[in-house]
Amino acid sequence: MSKQKNFNSLSSLGGLVFSTDPDFKLEEDEAPVENKLAAQQNLRIWLERGKGGKEATVIKGFLGPTDNLEALAKLLKSKCAAGGNAKDGNIIVQGDHRDKVLKLLLELGYKNTKKAGG
C-alpha cells in the first residue's frame, strides 16, 4: 500500500512552485470578509431533499466571517434539536424546521429573511 503525499502547502500557493523572475512577488487574492449587520443580511430558507427523501432546512446567503456563520449554525441546530453543518455561507439543519428557523432569525434581528422556493 503506497502512502499518499499531502500537498496542502503547495495548493495554498495556487499551484505556483517556482518562478525565474527575480522581481516576482506573490499576490494575495483573499479580500477581507466584510461583516454585515444582521439587519443587512439577505437570508433565504429552503427545504431540500437528499438521498432517500431525507429533508434538510438550508439557510442561504449569509455574508460574514466563518466564526459568525458557525455560531449562528450552532444556535439554530440547538434550538431545533437537530444536527447539521455550516460551510460556504450556507447553514444546513437536518429536518423540516423552516417555520422555527424563520421565527428564530427574525428574533435575532435578521429582518430581511424569507422562506424561498415553491
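Each residue of the sequence shown is one higher than the last, beginning at 11 in this note's numbering. Even for Gly, the Cβ is constructed at its ideal location relative to N, Cα and C.
Do K46 and G74 have their CB atoms nearer than 9 Å? yes
Just curious, the beta strand (DSSP E) that E58 is in, first and last residue? 53-59
Put E37 into one of helix, strand or coil per three-state DSSP. coil
Contact check, K125 vs A49, beta carbons under 9 Å: no
Excluding the 5 residues flanking E65 on each side, which residues of the same chain have their C-beta closer than 7 Å to its C-beta? L57, R59, G105, D106
Would the beta-carbon of T76 fall within 9 Å of that of I102? no
With A81 as the anchor, note down where its alpha helix (DSSP H) starts and where it stops. 76-90
Test item: CB-CB of L118 and L85 under 9 Å: yes
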